[in-house]
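J.: Could you have a look at this structure, given as structure tokens, before my questions?
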Amino acid sequence: QLALLYEEVLYTIRHRLGKPEHHHVADSQELYTYVQKAFGMDAEEHSVIMQQVKELENPIFCLKATVKEAKGILGKDVSGFSDPYCLLGIEAKSQEPTHSNHKKRMKAVVKDLIPEDQIHRTQVISQTLSPVWDETFILEFEDVETASFHLDMWDSDVVESVRHKLGELTDLHGLKRIFKDARKDKGQDDFLGNVVLRLKDLHCWDDQWYQLEPRTETYPNRGQCHLQFLLTHKKRTTMISRTQPSYTVHRHLLQQLVSYEILQHQAGSIAWDGELSRHASTVLYLHATQKDLSIFHQVMAQWLAYSKLYQSLEFNSNCLLHQITSIEYQWVQERLRPEQKAELAESFQSLLTYGLSLIRRYRIIFPLSVPRSTERLQSLLRVLVQMCKMKAFHELCTLSPDLPQMVSTALKSGTTEWFHMKKQHLKPMVKSMEENGKALSRLLVEVIGDLQQCQKIWNKFFINTLKLNLFSIAYLELDSLVAEHVQEQLHEVDSSMSKPTAESLFQLYMNLQELYRMKDFLAMRDGPLALSSFHQWFKEAVPQWLQKAYTIALERAQRAVQMDQVTQGGEH
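The sequence shown begins at 1 in the UniProt record's numbering and counts up by one.
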């Protein structure tokens with residue numbers, strides 16, 4: 001599959017069309033070197049596949065020309081308007097500007113330059129000086145270096161009686177036109193202007209207004225014509241082009257180049273921000289234009305490639321937001337075939353599942369010790385929210401999930417997993433009541449620290465994006481987990497405990513008290529907390545604590561008496 005894709009990309013570069021854009025790479029050799037690295041091909045593999053590409057038949061080169069509209073054209077009829085239509089085609093051998101015959105050919109009409117079966121014609125638009133056609137034609141050519149595009153605009157002249165023309169008369173100019181028409185052959189169309197362009201001067205994709213040029217200097221200003229061009233291929237002979245849909249091939253190519261770009265950034269310890277290099281952009285642009293992929297299908301391919309790569313390579317999820325916005329903006333379900341719809345639905349489901357798994361383990365995946373972790377989590381939440389709001393998502397995923405509910409469930413299970421992991425990690429090596437008490441205290445310090453982070457740092461992101469109170473979710477989950485675990489460990493405690501054990505339990509009691517006080521930050525709660533009667537778990541230890549307090553107080557008093565010097569102070 002990789003070799004076939006490599007053959008496709010070499011074929012794309014070899015048969016590139018159009019004048020390079022200013023931000024693209026003009027040198028094809030540079031592009032060959034880049035793709036060789038991106039595909040991890042050694043020199044021998046590259047030369048073997050390159051030889052295969054050279055032996056393949058060339059594609060059919062095409063100019064996809066759209067005649068959009070015109071403005072400010074000449075009015076040739078008695079009414080002051082025209083009935084314009086266009087004739088267009090490609091002249092295979094255009095003359096260079098230095099050639100003596102060049103001016104004549106620029107003025108020559110399409111009918112005299114191009115064989116009749118290669119001339120295309122638009123509709124006639126009646127009585128207007130601003131016609132709108134929006135008609136597209138596919139014009140084939142062989143050599144981009146010598147071919148030129150010709151368009152003539154004509155006023156359609158239908159034979160009418162003088163009485164009918166006099167009925168349309170509006171001014172003196174109209175009367176002059178009647179006399180002029182009388183001298184002209186019946187039914188002969190009037191020339192309105194032309195556009196002649198050398199194909200080698202066109203970019204892969206061009207969309208602009210062109211001046212309509214006159215044949216004589218009588219009326220030099222003849223208005224403008226809005227044209228759109230795309231230089232593309234038909235009948236590409238690579239194996240992958242013959243057997244797979246263009247959109248699928250483009251997605252695989254995109255995935256290959258993007259994963260290379262991400263790994264290049266990681267090698268330099270820089271996070272990839274979604275910007276492709278000039279080389280990657282050029283190759284992908286050439287491929288998309290040659291395959292005549294619509295912008296919508298390009299965006300779809302980007303979403304499928306990026307959302308899949310996000311699940312295996314580390315990069316900023318913000319890169320996905322652009323594709324979500326573009327798909328939403330251009331979404332028309334009918335433009336997709338059933339298998340494409342299924343693919344898109346699967347990509348939504350896959351990213352949702354993966355995103356929830358990251359949220360479940362957010363403490364490990366987005367540690368605060370790593371810079372920009374908060375931004376990365378915030379960005380992921382935004383992507384999931386935007387994705388679940390998309391029209392495409394609702395139309396293709398029949399069971400539209402309740403995202404806040406799913407995130408809440410993920411956070412609860414993630415909190416439980418984290419607690420059990422910490423409990424396992426802090427398990428005492430020696431099993432004694434004293435060591436158990438110390439281990440429980442260390443565990444509670446971790447729990448309190450985690451809840452403080454939830455409240456001060458993470459909570460605002462979940463509230464802003466999903467209206468979820470992370471602190472409350474985590475606290476209620478940890479409340480029952482801590483209560484159950486501590487009670488389980490304390491059930492063996494009796495009044496005959498040693499002094500060190502009683503002291504370790506006092507520290508545990510203080511930690512539990514701090515944890516319980518944090519309940520004041522809860523948004524709301526149903527019923528009493530599991531920790532609400534935690535003080536009762538320490539009844540057996542209270543006599544020891546009081547004895548300890550008494551002993552310490554006595555020692556302090558005795559030391560104070562020893563330190564004090566009795567001095568005579570008047571009558572006291």
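C-beta atoms are modelled at their ideal positions from N, C-alpha and C, and glycine is treated no differently. If you're wondering where the values come from, they're calculated on a predicted model, not measured in any experiment.
Going by DSSP in three states, Gln-93 sits in which element: helix, strand or coil?
T.: According to the sequence provided, residue 93 is Lys. The question's Gln does not apply to it. Note: Lys-93 maps to coil in three-state DSSP.
J.: Taking the straight line between their C-alpha atoms, what separation do you get for Glu-484 and Ala-549?
T.: Near 29 Å, if we compare the C-alpha coordinates of Ala-549 and Glu-484.
J.: Which word fits Arg-251, buried or exposed, when buried means at least 16 other C-beta atoms lie within 10 angstroms of its C-beta?
T.: Buried is the call here.
J.: Cβ of Ile-240 within 9 Å of Cβ of Phe-315?
T.: Going by C-beta atoms, Ile-240 is not nearer than 9 Å to Phe-315.
J.: With 16 as the cutoff for other CB atoms within 10 Å, does Asn-464 come out buried or exposed?
T.: Flag for Asn-464 reads exposed.
J.: My guess is that Gly-223 and His-150 are in contact by the Cβ rule of under 8 Å, so how many angstroms apart are they, rounded?
T.: That pair is no contact at about 17 Å.
J.: Any idea what DSSP makes of Arg-222, helix, strand or coil?
T.: Arg-222 falls in the coil class under three-state DSSP.
J.: Under three-state DSSP, which class holds Asn-469?
T.: Here Asn-469 sits in coil by DSSP.
J.: DSSP state of Arg-337, grouped into three classes?
T.: Three-state DSSP puts Arg-337 in coil, outside helix and strand.
J.: Using DSSP's beta-bridge definition, name the partner residues of Pro-84.
T.: DSSP, once it has assigned bridges, lists Asp-155 as partnering Pro-84.
J.: Would a C-beta distance cut-off of 9 Å place Lys-19 and His-226 closer than the cut-off?
T.: It is not a contact, given that the beta carbons lie outside the stated cut-off.
J.: Rounded C-beta distance between Leu-113 and Glu-91? I'm assuming under 8 Å.
T.: Going by Cβ atoms, the distance from Leu-113 to Glu-91 rounds to 5 Å, so yes, they are a contact pair.
J.: Between Ala-38, Val-561, Cys-454 and Glu-7, which lies nearest to Met-50 when the distance is taken from Cα to Cα?
T.: The shortest C-alpha separation from Met-50 is found at Glu-7.
J.: From the DSSP output, in three-state form, read off Cys-62 for me.
T.: Note: Cys-62 maps to strand in three-state DSSP.
J.: Give the range of the beta strand (DSSP E) segment to which Pro-296 is assigned.
T.: For the record, residue 296 in the displayed sequence is Phe; it is not Pro. No beta strand (DSSP E) contains Phe-296, which is instead part of the alpha helix (DSSP H) from 295-310.
J.: Output the boundary residues of the beta strand (DSSP E) element that contains Thr-136.
T.: Per DSSP, Thr-136 belongs to the beta strand (DSSP E) from 132-141.
J.: If you compare alpha carbons, which of Ser-408, Lys-291, Arg-335 and Phe-419 is closest to Phe-61?
T.: Checking every option, the nearest Cα to that of Phe-61 belongs to Lys-291.
J.: Rounded C-beta distance between Asp-190 and Trp-154? I'm assuming under 8 Å.
T.: Right, their Cβ atoms sit about 7 Å apart.
J.: How many angstroms separate the CA atom of Lys-456 from the CA atom of Asp-526?
T.: Going from the Cα of Lys-456 to the Cα of Asp-526 covers about 23 Å.
J.: Compute the distance between the beta-carbons of Arg-360 and Gly-414, then report whether it is under 9 Å.
T.: A contact, by the Cβ cut-off of 9 Å.
J.: Got a sec? Which residues, its chain only, sit under 6 Å from Lys-234 by beta carbon, not counting five neighbours each side?
T.: Cβ neighbours of Lys-234 beyond the five flanking positions: Ile-60 and Cys-62.
J.: Three-state secondary structure (DSSP) at Asp-564?
T.: If DSSP states are grouped into helix, strand and coil, Asp-564 belongs with coil.
J.: Classify Gly-437 as buried or exposed, calling it buried when 16 or more other Cβ atoms lie within 10 Å of its own Cβ.
T.: Gly-437 comes out buried.
J.: Is it buried or exposed, Asp-83, if we count other Cβ atoms within 10 angstroms and call 16 or more buried?
T.: It counts as buried.
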